[in-house]
């Protein structure tokens, strides 16, 4: 649906995040998404960062169809997030695959993966439009609530850290959701106050991991 928000709910996407200096985080994220494949078969994507930039690779299809050894090998870094999207009646486009990516006014990158559905999407979209952060009339624009969250997070991070931006933004987000997001150096995760959507925290030998399931 061109130029409009996608209103159909996404009950069961899969999200994964890892912070592990010295590890092949893109491959770890691939294996995590592969294990979460039953949560979403429409599209898959991974974002990685090495301290200087955020790189996102995503496409329509299963995890094993989107990624191969060559692609994963070209994604070095110490922090990564991944997402597999649940198939719905909404638009199936590359733009709506995740992680979503936005650039802050300071020129830094923010990538975000989202599972759940929001109940105040219209309010959040209006806020993002008024701030000049999104324009659904543009050809190829994403039409998901996830992209709105990513745009608002990057907008709030214009004059502060991503952590402070999240603390400012998330109290105004209503619904059942969990998020993984990152900048060039740090992994973040959040879920709604009621914990409706699953999000698990795990410890690695040299880092941390968050995922929709254990």
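In the numbering used here, the protein residues as written are 555 to 768.
Glycine included, each C-beta is placed from N, C-alpha and C at the ideal position.
Quantities reported herein were computed from a predicted structural model and do not represent experimental measurements.
Straight-line Cα distance separating residue j from residue i
{"i": "residue 722", "j": "residue 629", "result": "31 angstroms"}
{"i": "residue 646", "j": "residue 599", "result": "14 angstroms"}
{"i": "residue 574", "j": "residue 689", "result": "36 angstroms"}
{"i": "residue 739", "j": "residue 682", "result": "25 angstroms"}
{"i": "residue 652", "j": "residue 624", "result": "20 angstroms"}
{"i": "residue 601", "j": "residue 759", "result": "22 angstroms"}
{"i": "residue 657", "j": "residue 768", "result": "31 angstroms"}
{"i": "residue 734", "j": "residue 570", "result": "7 angstroms"}
{"i": "residue 618", "j": "residue 766", "result": "19 angstroms"}
{"i": "residue 615", "j": "residue 720", "result": "30 angstroms"}
{"i": "residue 680", "j": "residue 695", "result": "16 angstroms"}
{"i": "residue 622", "j": "residue 579", "result": "14 angstroms"}
{"i": "residue 707", "j": "residue 713", "result": "11 angstroms"}
Residue i and residue j closer than 9 angstroms at C-beta
{"i": "residue 634", "j": "residue 582", "result": "yes"}
{"i": "residue 672", "j": "residue 729", "result": "yes"}
{"i": "residue 613", "j": "residue 650", "result": "no"}
{"i": "residue 665", "j": "residue 610", "result": "yes"}
{"i": "residue 663", "j": "residue 607", "result": "yes"}
{"i": "residue 698", "j": "residue 654", "result": "yes"}
{"i": "residue 620", "j": "residue 597", "result": "yes"}
{"i": "residue 724", "j": "residue 705", "result": "no"}
Spatial neighbours of residue i in its chain, beta-carbon cut-off 8 angstroms, leaving aside the 5 residues before and after
{"i": "residue 566", "result": "593, 594, 640, 669"}
{"i": "residue 717", "result": "740, 742"}
{"i": "residue 577", "result": "632, 758, 760, 761"}
Residue i classed as buried or exposed, judged by whether at least 16 other C-beta atoms fall within 10 angstroms
{"i": "residue 731", "result": "buried"}
{"i": "residue 754", "result": "exposed"}
{"i": "residue 661", "result": "exposed"}
{"i": "residue 605", "result": "exposed"}
{"i": "residue 676", "result": "exposed"}
Sequence-distant residues of its chain with Cβ nearer than 7 angstroms to residue i (five each side left out)
{"i": "residue 587", "result": "568, 570, 598, 617, 636, 638"}
{"i": "residue 747", "result": "none"}
Cutoff 6 angstroms; reference residue i; Cβ partners in own chain excluding five residues on either side
{"i": "residue 756", "result": "763"}
{"i": "residue 667", "result": "569, 635, 637, 652, 653, 734"}
{"i": "residue 687", "result": "705, 709"}
Beta carbon proximity, residue i to chain D, threshold 9 angstroms
{"i": "residue 725", "result": "Among the protein chains of the structure shown there is no chain D, as only one such chain exists."}
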